[in-house]
Each structure stands twice: as C-alpha cells, then as structure tokens.
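Visitor: So the sequence lines, in the order shown, correspond to chains A and B.
For the first sequence, our numbering assigns the number 1 to the initial residue and increments by one for each residue that follows.
For the second sequence, our numbering assigns the number 1001 to the initial residue and increments by one for each residue that follows.
Backbone N, C-alpha and C define an ideal beta-carbon position, used for all residues, glycine too.
As the structure is a computational prediction, the values presented were derived from the model and not from experiment.
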Amino acid sequence: MRHDRLVTERYSRQIRFAPIGQAGQRKLGDAGVLVVGAGALGASLAQHMVRSGAGFVRLVDRDYVELSNLHRQTLFDEEDARAALPKAVAAAAKLRRMNGGARIEALVADVGKRNAESLLMGVDLVLDGTDNAETRLLMSDACFAHGVPFVYGGVAGSSGMSAMLVPGKHVCLRCLLGETEASDTDGGAPTCDTIGVIAPAVELIAGLQAVEAIKWLTGNFHALRDTWVSADVWNFALKEWKLPPPRESCVHCGAGRLPERLHEAVGKPHAPSADWQVEEREPQPDEEKVVVLCGRDTVQLALRPALGLPEWEKRLSSRGCEITASNAYLIRALTAEGERIVVFSDGRSLIQGAGGVERAEEIYRSYLAEEEVPR
Amino acid sequence: MNGKLDFKLYVITGENYHPGRSMLEVMEAALKGGADIVQLRDKDISKRDLLEKAKRLKDLTAKYNVPLIVNDHPDVALAIDADGVHLGQDDMPIAVARRIMGPDRIIGISTHRIEQAREAEQAGADYIGVGPVYATGTKPGRQPVTTAYVSEVAAEIRIPWVAIGGITPDNAFEVLNAGANRLCVVSAVVGSEDPEAVCRRFIALIEARDGSPNASVESKATGIFVTVNGRRSRTQASTLLELAEQYELQDRRVVAEMDGEFVPRRSWGEAPLRVGATVEFVHFVGGG
C-alpha cells in the first residue's frame, strides 16, 4: 500500500536500527503516550515521541509561554511568547507540523487528583515533564493503579535524574521519595528557579527518558535499564542505581498491575489498550486550591464563578488593568501596581509578581472577585 | 605562635541580615549556641564607630572565652586587644601584618584557590578561609569555588582552615563530606530567627562527622566505618535512616543509594547498614 510505503520511507533510518525494525515501528504507530507538562522536558519529550512515530500523544500543561522559557524549551519561539499562548497549545501546533500522521491532543489544565486517572485513557506510557514532586507522585499513583509505566525525569542546574518505573516490576515513586511535606515546596531540593538550568541538561535527561519509552513501545523490554540514572553534563558524571522491586506493603506498587505489554511479552494475548475516544470534559481546577508555581513568583488561584474570557477581559479593563495579551485560551493583564494577572478559560488564574500568596489573594479580590474590593 | 588554635564554628557579624536586632544580642545568641570563634566585619562604617563596636564585642566574647577576630584592620584589633585579624587577598601581606600584630596573635586570610592557600600556609597564616563554597549575598558576584576546592585544601593544607560562603544546615553535609571539619557562617546564623538553635545544629553536624575531636572520642568504642558520598566515616547508625538522621537529612527530599541499589525512602528504617557499606545521598532533582 502506498501509505505503508510512505511510512516505511519516513521512518527508514529508524526501522533500519535492528532492535526497532518494521515490527517495532508498527507498534510505535499503535501506541499512545501522555506527556505531563510541556515545559523544557515536556516539549522535548513530546518532540521525541511525535518524530519517532508514536501514534497518539496527549500533552497537558497549565502554563503559558514566556520569554524566559525560550533558552531551554525548544518547541517555542518569540511569537509564542508574544501571543502568550498556553504551552500545550503552542507545542501542539508545532508538533502537528512535524508529523501530520500523529494524533495530538493538547489540554490546557492543571493535573490534580480529579483528572490524573482520566488522563491515562488510551495511553500505554506516561512521560514526566512536570516541575514539582506533588504532581509526579499523583501521576505515579495513577500509573501504578492502572498498570501504565511512568518515566520520571527531573532537571536543575547542569544535572538531572531519570527512571522508568514499571508497575508490577518496580517500586513506585512514592516509595522512592517518601511522603510529601505539604509545607515545603520541594523539601529544599534544588529547582530551576533556585539554581537555574541549562538546556543541554534538559536534552540529556529527555533523551534518557525518551529512549526507555521507545524501548517499551517497540517491545524491546529486555533492553530496559531498570535503573535510576543521575547525570551531570557540566562536571561530567553519570551514575546508575538498580531499581528495587515493589514493596509488598505499599498500596500503590505492592498491588501494582503488570502492564498489558508485559503480558504480551510473556506470551499472553494482547488486549488492545487503544481506547482512543477520550470523553470531552471541561477540566476544572480543584476547589479552593491555591498553588504556588515553582519559584517564579507565580500563584495559581481558582476562579469563581465560571465566566467566559470576554467577561473577564471586561472586568479587568473596567477595574483599571491594561490587557497585554488576549487569545482563545487566556487573558493577560497588567495591574496598576505592575503585577500580572493571567486568566485561563479552564477556570484558573495566575497572579505573577505579587511576592507572596497573601498579596496575590488581595489582587484577586481587587481585580477578579465578583464584588470589587477597593484598593 | 598559638599552635593550638582550634575551633568548629566560626561566626561573622552581618548586621544587614538582622534589622531591628542589635549586633550584640545576635552574637550572644550565636555564642550561646556554640560559636567558638567570632569575627567582627563591617565594611561600611567609620573606623571610629568600628572601634566602638569592637570594644563592646570584645567584652562579650571574653565573657564566653571565645577569640575575637577583627576584619581588615590590624590597628583596631590591637587597640581593643582582639585575638587576631582577618585579611583578604587584596589587604596587606601576611608578613607585614605579622610585624604589626606580633607573634602571638592570630592572622587569618581568605583564599579562593589552592595557590593562595599554599602561599598563606608558607607565609605563616594561622588559619585560612576557604570559599565562597556556594554563592552568597555577603560576597555578591564572586564565583563560588565549590566543594572541589574544599577537597583540594583538605588533601593538602596542614594549618587550620575553615570553609565559608553560603553554607547552611541544608548543604553543610556536602561541605563536611568534601573534607571540612570547621564551618564559617554569616547569614545562615545571624539572619536566622533563632541564631542559637542554628549554631547548635551546625555544631551537631560538624561533630557527627568523623574526625571531629570530640565526636571521635565518644564513638571510638563502637560504630562502623562506611563510605558516605565518597568519604569514609565512622558512624554508630545501624540503619540507613539513622545514618540520614545523623546528617539531618530525614526531612529533606533526598534519595539514597546503598551498594549500587536505590533504597526507597520508605525502606530506610529497615535497611541495615553493613560494615564498609557505600552510601550516597543525593538531592532529588525536581525541575522540568
């Protein structure tokens, strides 16, 4: 068939790589992946998946493109930053141009308890491009409950870590890291905001995550590393630690379901996981939730009531804000005092430059609340 | 001179870190917490005001029987009978300072690379500062020397030396593991709400490290040798959790490996520490 020939031609160099071959390429084309976060790691991961020929890529992110992202977030450009496009949307547009054969779904939403499991519908593997431990732990729990491998990755400074955690085979992320300290942002761990980050570190870690994903999706299970890798690209160092098996006593990994693909590997019939039709749903942020976005002096607050973007724009203008960006997904406004307010159509707002949660809430009351509170 | 100069925790004044509280109040808290050498540093005031401040601080340190070092000014140090002076690389040479200060007072100097450390040792410095290990607001714009320089000094320099620069209770274990057995701190102590408690914490961390004079006496009867982040050290811990507690890591988001295998955080309490075990603690990397 002509279509098959085109596919073979397009991926010829990848197919020629013996461990993948025609069979592996076909499996990739049938595979679905979820990329959580479309920042530095997420954008790179999504690109690896789409270019290599994964059939379906779902991308979810809560943030929008800013100039300070461009040195390391390789999918975005200055135009995206000017238009203040949500990262998921800007990324999807680029990814569609890279590979028209891939089905790409972009969701502008926060990942929380409420939607973590539904995001797994129709996917064979989850790639971690998040920037915080809390979301990672939630996704790990959901993955272990549903037998979907979770490929952790994290970067900061010139170093990073990655590990592919397979339910039924490995321990879960919650066991590896222990409980979250709610009061603490990331337990004092270095982040891109405290120590910066350089793009080569991002690309190395994204590469380590992507290669394990490709092994998995092409059925090369024996080639998986089964390790936790930590690497530094500046003071060159690479370490690999063996991943332990599930902990019997853990409710997540102790009862972890071995993924379908491993059943296939041990000769059991393949149950198609491709439940492509994801029900349409309006992602709503968790009620009453205040989230401090990692060190960027950004506080996320839920919007109440649910208004359309035009109404928000009107309200912000009438209360003295300058509208600095307006698109189908968000409105960005500048307050008289110089803080930035971003209103997303999914019912969230980001307050930037407030210097703290209290002041952010004050700004919310002044500019976004039903009853305007005089400043 | 003073061949027996020794200390664990060196605290330097930094009044801009504690607006609203007096320097004497903050330094007394540090002394109560165990600071065993103190330096007066204030580059922004007149010599007359510095002299006044130095006098009052000298009375305080004398009460705690702790040496007082004056930054930059041998004349002020002599005038108030301080125990010594601390110099920077751009200040007068050690030989000149020695002539002024005499044979018995302490002369310390900041160093930022091994050549400077060697030169200071040769020139008769009583101790050297080694840093800034991390970026610090006290010396903005100066490139951190990292723990690599700390290790270099540990391997080679025989006079007392102290690691300085951006050291906090959270990163102290890295500095100690690089070979330091004395720490010098400014903002982490004087900028804290409770300088006394922070000093105690530092002292505990320093003593927990093998080689500290007091700790080794206490632990020599029992305990085993393990290698922690590349450094051989003696410990009385019997599990990985106890070892983590010894380095005050139990509340940090840190992951651990023992003998090549990742040990889940939730299993630390049940992971026995084998004689000769190789352990590595690493900060979990969370950016994306």
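Cβ of L165(A) versus every heavy atom of the ligand HEM: is any distance shorter than 7 Å?
Guide: Of the ligands one can find in the structure shown there are none, so the ligand HEM has no counterpart to examine.
Visitor: For G1137(B), tell me which candidate among T1147(B), G1131(B), R1113(B) and G1166(B) has the shortest Cα-Cα distance.
Guide: Here residue 1137(B) refers to the residue found at position 137 when the second sequence is read from its first residue. Of the listed residues, the one whose Cα sits closest to G1137(B) is G1166(B).
Visitor: Run through chain B and tell me which residues come within less than 8 Å of S230(A), C-beta to C-beta.
Guide: Position 230 of the first sequence holds residue 230(A). V1282 and V1285, listed in chain order.
Visitor: Given a threshold of 16 other Cβ atoms within 10 Å of its Cβ, counted over all protein chains shown, does F1225(B) qualify as buried or as exposed?
Guide: Translated into positions along the second sequence, residue 1225(B) becomes position 225. The residue is exposed, with fewer than 16 neighbouring Cβ atoms inside 10 Å.
Visitor: May I ask you to verify whether the stretch 140-157 of chain A touches the stretch 1225-1237 of chain B, counting CB pairs closer than 8 Å and requiring at least 3?
Guide: Because the criterion of three Cβ pairs below 8 Å is not met, the stretch 140-157 of chain A and the stretch 1225-1237 of chain B do not touch.
Visitor: From the DSSP secondary-structure annotation, give me the bridge partner or partners of R58(A).
Guide: One-based indexing of the first sequence puts residue 58(A) at position 58. Paired residue(s): L34(A) and E105(A).
Visitor: Mapping the DSSP letters down to three states, classify L28(A) as helix, strand or coil.
Guide: Numbered from its first residue, the first sequence carries residue 28(A) at position 28. In this structure, L28(A) counts as helix in the three-state DSSP scheme.
Visitor: Could you check what DSSP says for S273(A) in three-state terms: helix, strand or coil?
Guide: The residue labelled residue 273(A) in the question sits at position 273 within the first sequence. Note that S273(A) scores 42 on pLDDT, short of 50, meaning its location in the model is unreliable; the coordinates nonetheless yield the value given after this. The answer is coil: DSSP assigns S273(A) none of H, G, I, E or B.
Visitor: Measuring CA to CA, which of L307(A), V151(A) and G112(A) is closest to T135(A)?
Guide: In the first sequence, counting from the first residue as 1, residue 135(A) sits at position 135. Looking at the Cα atoms, G112(A) is the closest of the given residues.
Visitor: Shortest alpha-carbon distance to G122(A) belongs to which of R58(A), A93(A), Q73(A) and R332(A)?
Guide: By one-based count along the first sequence, residue 122(A) stands at place 122. Here the closest residue by C-alpha is R58(A).
Visitor: Taking C-alpha atoms, which residue in R97(A), V166(A) and L85(A) lies nearest to D124(A)?
Guide: What you label residue 124(A) is simply residue 124 of the first sequence in a count that begins at 1. The residue with the shortest Cα to Cα distance from D124(A) is V166(A).
Visitor: Taking C-alpha atoms, which residue in L301(A), V290(A), A328(A) and I341(A) lies nearest to R315(A)?
Guide: The residue labelled residue 315(A) in the question sits at position 315 within the first sequence. When only C-alpha atoms are compared, the closest one is I341(A).
Visitor: Helix or strand or just coil, what does DSSP make of R348(A)?
Guide: Within the first sequence, the letter at position 348 stands for residue 348(A). R348(A): strand per DSSP, three-state reduction.
Visitor: Check whether the stretch 1249-1256 of chain B and the stretch 1187-1199 of chain B are in contact - that is, three or more C-beta pairs closer than 8 Å.
Guide: no
Visitor: Here's the rule I'm using: 16 or more other beta-carbon atoms within 10 Å means buried, otherwise exposed. How should V251(A) be labelled?
Guide: For the purposes of this step, residue 251(A) is taken as the residue at position 251 of the first sequence. V251(A) is exposed by the Cβ-count criterion.
Visitor: Quick one: list the residues of chain B neighbouring V155(A), beta-carbon separation under 7 Å, in chain order.
Guide: Stepping through the first sequence from its first residue, residue 155(A) is reached at position 155. Here the neighbours are V1285, G1287 and G1288.
Visitor: Which residues in chain A have a C-beta closer than 7 Å to the C-beta of P1160(B)? List them in chain order.
Guide: Indexing the second sequence from 1 puts residue 1160(B) at position 160. Near P1160(B) there are no residues of chain A at all, since even the closest Cβ is about 28 Å away, more than 7 Å.
Visitor: For A1054(B) versus V1070(B), is the C-beta distance shorter than 8 Å?
Guide: As a position in the second sequence, residue 1054(B) is number 54, starting the count at 1. As a position in the second sequence, residue 1070(B) is number 70, starting the count at 1. A contact, by the Cβ cut-off of 8 Å.
Visitor: Is the stretch 152-171 of chain A in contact with the stretch 93-110 of chain A, if contact means three or more CB pairs nearer than 8 Å?
Guide: no
Visitor: Check each residue of the stretch 216-240 of chain A: if its Cβ is closer than 7 Å to any Cβ of chain B, include it; give the result in chain order.
Guide: Cβ contacts with chain B come from W228 and S230.
Visitor: Determine the direct distance from the alpha carbon of E372(A) to that of T1168(B), and round the result to whole angstroms.
Guide: As a position in the second sequence, residue 1168(B) is number 168, starting the count at 1. As a position in the first sequence, residue 372(A) is number 372, starting the count at 1. Distance between the alpha carbons of T1168(B) and E372(A) is about 44 Å.
Visitor: With 8 Å set as the bound, which would you pick, yes or no: does the beta-carbon of N327(A) sit closer than that to a beta-carbon of chain B?
Guide: Walking along the first sequence from the start, residue 327(A) turns up at place 327. No, N327(A) does not count as interfacial toward chain B.
Visitor: Roughly how many whole angstroms lie between the Cα atoms of A23(A) and Q47(A)?
Guide: As a first step, residue 23(A) is located in the first sequence; it is residue number 23 there, counting from the start. As a first step, residue 47(A) is located in the first sequence; it is residue number 47 there, counting from the start. Roughly 22 Å between the two C-alpha positions.
Visitor: Please state whether DSSP places F1284(B) in a helix, a strand or coil.
Guide: Position 284 of the second sequence, counting from 1, holds the residue named residue 1284(B). Here F1284(B) sits in coil by DSSP.
Visitor: Excluding the 5 residues preceding and the 5 following L137(A) in the sequence, name in chain order all residues of the same chain whose CB lies nearer than 8 Å to its CB.
Guide: Your numbering for residue 137(A) matches position 137 in the first sequence. Cβ neighbours of L137(A) beyond the five flanking positions: L173, R174, L177 and T180.
Visitor: May I ask which residues mark the beginning and end of the beta strand (DSSP E) holding Y1134(B)?
Guide: Locating residue 1134(B) in the second sequence gives position 134, where the first residue counts as 1. Taken as a continuous stretch (DSSP letters only), Y1134(B) belongs to no beta strand (DSSP E), as it is neither H nor E.
Visitor: Using beta carbons (cut-off 8 Å, strictly below), is A213(A) in contact with chain B?
Guide: In the first sequence, the residue the question calls residue 213(A) occupies position 213. Cβ-Cβ to chain B under 8 Å: no for A213(A).
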